[in-house]
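Visitor: Numbering (the UniProt record's numbering), first residue to last: 1 to 115. Mind looking over this structure? Questions follow.
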C-alpha cells in the first residue's frame, strides 16, 4: 500500500513539474523609450530571433542596455537546470536618447571616436 501511494505521489509531482510554466518576459524597452517605433520593432524582432533560434537557450531572460541574455531555466523536484548565454548589441546600435552601444554598454554618442 505504501509503495503504491509513493508511486502515485511521485507521478503526480513529476506531472506538475513538467507542466509549462509561464515565465514573465523582461521589459525590453524600458530604457529605450526615445527610440523611434520602427527601430524598436526591428530591434525587438532581432533580439527575439537571436534567442529563439537557439534550441538550448530559447528564451529571453534579461535585457539591459546593450546586453541580452538568452537561456533556459528549469527547476523541478529532482533537478535544476540553467543555461545562459549573453550577447552584446553591435557598437553603434541606438540605446536611448543620444546614446549608442559601445562594447556592451550604453554610452553617450558624443563620447564615440569619430575619426
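Quick reminder that beta carbons are idealized off the backbone N, C-alpha and C, glycines included. Note that the structure is a prediction, hence the values are computed from the model and not measured.
With distance defined between alpha-carbon atoms, name the residue in 50, 37, 46 and 43 nearest to residue 85.
Guide: Minimum Cα distance to residue 85 is reached at 50.
Visitor: Who are residue 34's beta bridge partners in DSSP?
Guide: Answer is none; residue 34 lacks a bridge partner.
Visitor: What whole-angstrom Cβ distance do residue 67 and residue 104 have, given they're in contact under 8 angstroms?
Guide: Going by Cβ atoms, the distance from residue 67 to residue 104 rounds to 6 angstroms, so yes, they are a contact pair.
Visitor: What's the C-alpha gap between residue 96 and residue 76?
Guide: The straight-line gap from Cα to Cα measures roughly 39 angstroms.
Visitor: Using CA atoms only, rank isn't needed, just tell me which of 55, 54 and 69 is closest to residue 61.
Guide: Answer by Cα proximity: 69.
Visitor: How far does the beta strand (DSSP E) with residue 90 in it reach, from first residue to last?
Guide: Per DSSP, residue 90 belongs to no beta strand (DSSP E) and is neither H nor E.
Visitor: State buried or exposed for residue 111, treating a residue as buried only when at least 16 other CB atoms are found within 10 Å of its CB.
Guide: Residue 111 is exposed by the Cβ-count criterion.
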